[in-house]
Amino acid sequence: MIYEIDHTTRYVYSGPVSHCHSKIWLQPRNLPFQHCMDVMFDIDPLPTVFYQLSDFYENNVRYFAIQQSHRELVVKVKSKVKISARENINSLLNKDKPWEEVRNALSQFHKDYVEVYHFKYESQHVVLNKDLYQYASVSFIPGKGLLSSVLHLMGRVYQDFKFVSGHTTIATPIDVIFKNKKGVCQDFAHLCIGFIRSQGLAARYVSGYIETLAPPGKAKLVGTDASHAWISVYLPGEGWIDFDPTNNLVPTDQHITLAWGRDFADVSPMKGVVFCTGKQALQVEVDVRRVSL
Amino acid sequence: MFLSPKKNKSGHNIVEDLMYDETILENELKPEWKIILGNLNILGLNEIQQRTKDLQKQLLENGVTYNVYDGHLALQRSWNLDPIPWILNANEWKTIERGLIQRAEVLNFILKDLYGKKELLKSGLIPHELIYCHKGFLRQCDNISFGNEYPLALYGADIARGPDGRMWMVNDRTQAPSGMGYALENRSAMIQVLPELFNSQRIRKIADFFQTYYHSLCQLAPNQKENPRIAMLTPGEKNETYFEHAFLADYIGVNLVQGSDLLVKDSCVWIKTIHGLEQIDIIVRRVDDIFCDPLEFRPDSKLGVPGLLEAVRKGNVVLANPLGSGILENPGLIPFLGTIYRTYFNQDLILPTVATWWCGQPKELSYVLTNLDTLLVKKIDRYTGSPTIIPSLLGKQDLADLIAKIKHEPYLYVGQEKVNFSAVPSLVNNELESRFAVLRGFAIGSRSGYSIMPGGLTRSSPEKDRFIVSNQAGGISKDTWVVAEPEQPSTALKSFIGKQNPLLNESLTSRMAENLFWSGRYSERVLATLRLLKVAVNYTMENSGGDYFTVVNERLLCALTELTMTYPGFVGDGEKVNTIDPQAEIFDLCQNDNRIGGLAFNLRNLIQSIQSVGGFLSNDARRMVENLKDNCSTLRKLKPTGYLNLGGALDKTYNSLVSLLGFITESMPREQGWLMFQTGRKIERSYLIATLVNSTLIYKDTDQVQVQILEAVLKSNQLISTYRFKFRSYLNLEHAIDLLLFDENNPRSISYQLQKLIVYLDHLSGSQVLGSKGFEQQIILDSFTMIRTCDRNNLLDTEDGIYIRKNLKTVLDTLLQNIGKCSLALTERYFSHSASVQSLVYPN
């Protein structure tokens, strides 16, 4: 499956901006089941400094600096990604391990887990509390497999929480989202990461896209007109396995991975600082098209 | 002998059980203490009391302060220095020195490993929770090339002596350790005020260490650049140790900057100067790392420089200490340091650390939980502002909460043994008492390894049995003496202070330029207001009647309002009859520093801007600033009951400001800074003369009134004698206007100010070639020409039935407008006026 993605971010400022420094996490990663065939950046005004670097989690990052006065910034990223089949959840479920066993393994030191431990603890947007632990405990019952517990949890979250945009911002704390039972895909991801980490397990945040138009006969997915977010859970021996709580499904070939981190703060699609006294207005457009099978 | 080391006044042993007495070894007074106590006895108690006061005075005059926070208010606290130093002999010091070097080495090794290969994590020598859950582990800094072997360039450690007589490590400071500057000020004050104490033994010199500091910093320069430019980044005046930032920057000769003075462009760091951007190679960081770059860390930080980390990553600037070094301020590391040092350096750490149990391990956790009453509890990082907790002092509920928190995230806590620090004799309320003391030692990394300051900053507890020693809680500091061995240099009692590395060939920074400019402007504004106030008050007091009295009095009071722009004031709002109480209004102008434009307000701003250019001032000038501050506070505390005491207070304030300006004129080098200061003064003075003339002399008055007003105006410009000498006649308007506006040889005329301004602005812009003038130069030239060529014959004319001298007013109004435009143009051209920094928001 090959996808073409157009992602346009446009900032309009009410006053002149003399300088802009920015970092973007907008190039899809290469994975066993994903190959980024092409990526093109079109930034207006033209940056004076522009280069590629890799962050702590080996995501592809671009840094750029605009050193001329401007009132509007447009960042267009065009990418082409080939998605191949990944291991099916049913096959994975056959290799599932009791979640307590996973928890105990991760609570001991083992050099294989040095990179996994990062995703076990609280992070900026995932502050743990008793409520999260109690909610999650209903799904994590003794002896149950890790993957089936997460599937169970995801099903409940899909039932109990509503997808409502405009109700939360990225600054809305997780306990408020938990209480109000509504949010967008970032909120769903943060919530589920919180539930899973509260059990002593490792979960990470994945930023990416999903296909805009559903193939004939399939329903359109939620989260199509902007960047999307889902989660990944660590199963020793098998590695990281994705779950999309917003759509209550296990990603197969409609999800395109940009970057991952502990939460949104690590992989926000675009970060920036501008020298400007006025206000900023923002517009984001994302289009993901299937170009061949 | 009034100072007995063993007994206090009531005969009790002052040394507590289980506490080490610094002065005693094997029941004998240590020789170095014997000498000091002997020297103290020769001076005698009365003399020591007097000298203690002198010490305080000396420190105050040097402006040594420490800012403390009372709620949201930052208060300046003067620095307390105990006359009795903590003295350590050469052998004791050798152990401390070696111990500090080892500690710096192991922390430096950990820093490089954590942001590089991470062997310590992969091998489990450091448990991952200690790093991953510590907010000082900045993943953004991963794999940054530090560019040199000792990236931990500056290390501070708190050391104290335990009951067994051994020295113990208590705390590590690895971000921006403070205290070096205070240590130097302490030594300097001791040498000046208590030179006799140094008799009969040689004490190691600490000033040389600052030379080492500067040279080590230079070695950090990217690509081994020669003569690198160094800046010290401070959070600003409100920071608790701001005094030290300013002092150190000045002492070692580097630019003191705030985030907004710097700019990242082309992946390099630049400082804004009056001649444009100049590159910075090394930044000494006194800002916590997460505030240093809003692009990478806290987006809400206003203290940093956006893009700084990218400049570091590109190898174009080096920070001391590097971003990310906060991870080492981590008491959880303590139990693991010994093994790491043995593994990688093949040696044992010779200075023990206070016994510490990291709760991330089950055995240690249960030990801590069962022994809470005998332990201190600390969090592994200070980023959430968690101080040391003393569980034995907690109530039942708080203790239960603490236990629950520890159990919830045990890896975030350590338990630490309570150590009884050694007792050091201190002079408290004129008696010798023993106090807990902690020494902060300093290590500097250079290419050849670490060097240690032979001394440091000792702080002792404010109360007798108080365990916590901190400046924020009002501790007392001590000078720290290390006895010199024969080959080591000792403190010379004279020629101590000296700038090590003057800023050569570097342009004045925009911030300094702006502060100097405003120091100049506020000086003139304060002087003019003081003089007019005096004249107006005297006039009110001396005259109690006469037909003209009311008119003149009102005119002068209105002029006061117009000069200070404190409307409505005596001018009123035009319609209602003004019923203001003159005395209350005058006292308000003098005392209310929230009244914009008033004397008290201007004085406050003057002192602020002068203090921020402290580096340009001589010691005498700095002393005069303190004197001015004293006089201001006397003026502000005056009871507003009558004019009698007011005159005296105004005079004193006036005199101290004039002396201050005298000292500045005497000593400030005639360079860019001086030009900025003088430009500010000339602009303000011409503006004020024009304003005063505009509000007093443009009206057509009766002869009697005219003469009275002329006298007052000339007096308030100190021109009465000049007038009499020059014209030898009764006061008349034409002559007075000549003196105030046109006389190019009179330093109080507008022409004179403009003439000087033309010269200063030419020098500032560096271009004296015709045809390439900046706007600010052009507009002053135009004004000068206007004054020179105006039609003097008709200048004072009035039209029939109109009360105002229109021609004069037009000239003055144009002049005032031009001066305002010139000031704006200067701001535009020379000063930092960075637009505010904001972060881009991305939607969820």
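Protein sequence lines correspond, in order, to chains P and R. Position 54, counted from 1, in the first sequence is what our numbering calls 765; the numbers after and before it change by one each time, with no gaps. Position 575, counted from 1, in the second sequence is what our numbering calls 1267; the numbers after and before it change by one each time, with no gaps. Glycine included, C-beta positions come from ideal geometry on N, C-alpha and C.
Check your understanding: Exposed or buried, R:H826, counting other C-beta atoms within 10 Å across all chains shown (16 or more means buried)?
Key -> Counting the other Cβ atoms within 10 Å of the Cβ of R:H826 gives 16 or more, which makes it buried.
Review point. How is the beta strand (DSSP E) around R:W1210 delimited, first residue to last?
Key: Here R:W1210 belongs to no beta strand (DSSP E); instead the alpha helix (DSSP H) covers 1202-1234.
Review point. R:E811 touches chain P at which residues, Cβ-Cβ below 7 Å?
Key: Going along chain P, no residue has its Cβ under 7 Å from R:E811, so there is no contact; the nearest lies around 10 Å.
Review point. How many angstroms separate the CA atom of R:R1377 from the CA atom of P:R782?
Key: For the pair R:R1377 and P:R782, the Cα-to-Cα distance works out to about 41 Å.
Review point. Taking only runs of the alpha helix (DSSP H) that begin and end inside the stretch 1411-1454 of chain R, which ones reach a length of at least 4 residues, in chain order?
Key: Qualifying alpha helix (DSSP H) stretches, in chain order: 1412-1419, 1425-1429.
Point to revise | Cβ neighbour criterion (16 or more within 10 Å) applied to R:V1204 | key: Per the sequence presented here, residue 1204 of chain R reads as Met, with Val not at that position. The residue in question, R:M1204, is buried, as its Cβ has 16 or more Cβ neighbours within 10 Å.
**Study point:** Residue span of the beta strand (DSSP E) that contains R:R1373, given as start and end
**Key:** Looking at the DSSP string, R:R1373 is not in any beta strand (DSSP E); the run it does join, the alpha helix (DSSP H), is 1364-1388.
Check your understanding: Do R:N1323 and R:T1345 come within 7 Å of each other at the CB atom, strictly closer than that value?
Key -> In this structure, R:T1345 sits near R:N1323, with a CB-CB distance shorter than 7 Å.
Check your understanding: Hey, how far is the Cα of P:R1000 from the Cα of R:V1004?
Key -> Taking the Cα positions, P:R1000 is about 40 Å away from R:V1004.
**Study point:** Min CB distance P:S979 to chain R below 7 Å
**Key:** Yes, P:S979 counts as interfacial toward chain R.
**Study point:** chain P contact for R:G1007 (CB, 7 Å cutoff)
**Key:** For R:G1007, no Cβ of chain P is located within less than 7 Å of the residue's own Cβ.
Review point. Is DSSP giving R:D1312 helix, strand or coil here?
Key: When secondary structure is reduced to three states using DSSP, R:D1312 falls in the helix class.
Check your understanding: Does P:G919 have its Cβ less than 7 Å from a Cβ in chain R?
Key -> Output row for P:G919: interface = no.
Exercise for review: Could you say if the stretch 1056-1063 of chain R and the stretch 1105-1116 of chain R meet the contact criterion of at least three C-beta pairs nearer than 8 Å?
Suggested key: With the rule of 3 Cβ pairs closer than 8 Å, the stretch 1056-1063 of chain R counts as touching the stretch 1105-1116 of chain R.
Check your understanding: Thinking C-beta only, is R:S1351 closer than 7 Å to R:V1227?
Key -> Result no, Cβ atoms of R:V1227 and R:S1351 do not sit closer than 7 Å.
Exercise for review: Along the alpha helix (DSSP H) that carries R:H658, what are the first and last residues, could you check?
Suggested key: Nothing can be reported for residue 658 of chain R: it is not among the residues displayed for chain R, which extend from 693 to 1536.
Exercise for review: Could you check which residue in R:Q1470, R:Q1509, R:E1021, R:I1026 has the C-alpha nearest to that of R:I1450?
Suggested key: The shortest C-alpha separation from R:I1450 is found at R:Q1470.
Check your understanding: Taking only runs of the alpha helix (DSSP H) that begin and end inside the stretch 1095-1120 of chain R, which ones reach a length of at least 4 residues, in chain order?
Key -> Counting only runs of 4+ residues, no alpha helix (DSSP H) is found wholly inside the stretch 1095-1120 of chain R.
Point to revise | Whole-angstrom C-beta distance between R:K1374 and R:K1329, which should lie under 8 Å | key: In this structure R:K1329 does not touch R:K1374 by the C-beta definition: roughly 34 Å separates them, more than the 8 Å allowed.
Check your understanding: In terms of alpha-carbon separation, which member of R:G1147, R:V1010, R:R858 lies closest to R:R896?
Key -> R:R896 has its Cα closest to that of R:G1147, out of R:G1147, R:V1010, R:R858.
Review point. Hey, how far is the Cα of R:I660 from the Cα of R:L1064?
Key: What the structure shows of chain R is the stretch from 693 to 1536, and residue 660 of chain R is not part of that stretch, so it cannot be assessed.
Check your understanding: With burial defined as no fewer than 16 other Cβ atoms inside 10 Å of the residue's Cβ, what is the status of R:V1529: buried or exposed?
Key -> So R:V1529 ends up on the buried side.
Exercise for review: Output the distance between the C-alpha atoms of R:L1508 and R:K1331, rounded to the nearest integer angstrom.
Suggested key: Going by the C-alpha atoms only, they are around 37 Å apart.
**Study point:** Where P:A970 meets chain R, residues with beta-carbon distance less than 9 Å
**Key:** Within chain R, no residue comes near P:A970; the closest Cβ sits about 13 Å away, beyond 9 Å.
Check your understanding: Thinking just about the alpha-carbon of each residue, which of R:Q1445, R:E936, R:I1026, R:E1491 is nearest to the one in R:I1479?
Key -> Shortest Cα-Cα distance from R:I1479 to any of R:Q1445, R:E936, R:I1026, R:E1491 involves R:Q1445.
Check your understanding: Using the C-alpha atoms, what's the distance from R:R743 back to R:G1261?
Key -> Looking at the two C-alpha atoms, the distance is approximately 49 Å.
Practice item. Use the C-beta contact count for P:I716: other C-beta atoms within 10 angstroms, 16 or more gives buried, fewer gives exposed. Key: In this structure P:I716 is buried. Its beta-carbon is surrounded by 16 or more other beta-carbon atoms within 10 angstroms.
Practice item. Can you tell me which of the three DSSP states P:H821 falls into? Key: P:H821 sits in coil when the DSSP states are folded into three classes, being neither helix nor strand.
Check your understanding: If the cut is a Cβ gap below 8 Å, which residues of chain C does P:G983 touch?
Key -> The chain inventory of the structure shown lacks chain C, comprising the protein chains P and R.
Point to revise | Where the beta strand (DSSP E) containing P:E783 begins and where it ends | key: For P:E783, the enclosing beta strand (DSSP E) stretches over residues 781-794.
Check your understanding: Can you list the alpha helix (DSSP H) stretches of 4 or more residues lying completely in the stretch 1281-1334 of chain R, in chain order?
Key -> Listed in chain order, they are 1291-1303, 1311-1329.
Check your understanding: Quick one: what's got a C-beta closer than 8 Å to R:W962's C-beta in the same chain, skipping five residues either side?
Key -> Result list for R:W962: L954, L955, V956, L969, E970, Q971, I972, in chain order.
Check your understanding: For R:G1024, which residues from the same chain have a beta carbon less than 6 Å from its beta carbon, with the 5 sequence-adjacent residues on both sides left out?
Key -> Only L822, W1050, I1072, V1106 meet the Cβ criterion.
Review point. Fully enclosed by the stretch 873-953 of chain P, which beta strand (DSSP E) runs are 3 residues long or longer?
Key: Complete beta strand (DSSP E) runs here, min 3: 914-921, 939-946.
Review point. Which first and last residues belong to the alpha helix (DSSP H) in which R:L803 is found?
Key: Bounds of the alpha helix (DSSP H) holding R:L803 are 782-806.
Practice item. Please confirm if R:R1217 has its CB atom under 7 Å from at least one CB of chain P. Key: By this cut-off, R:R1217 is not an interface position.
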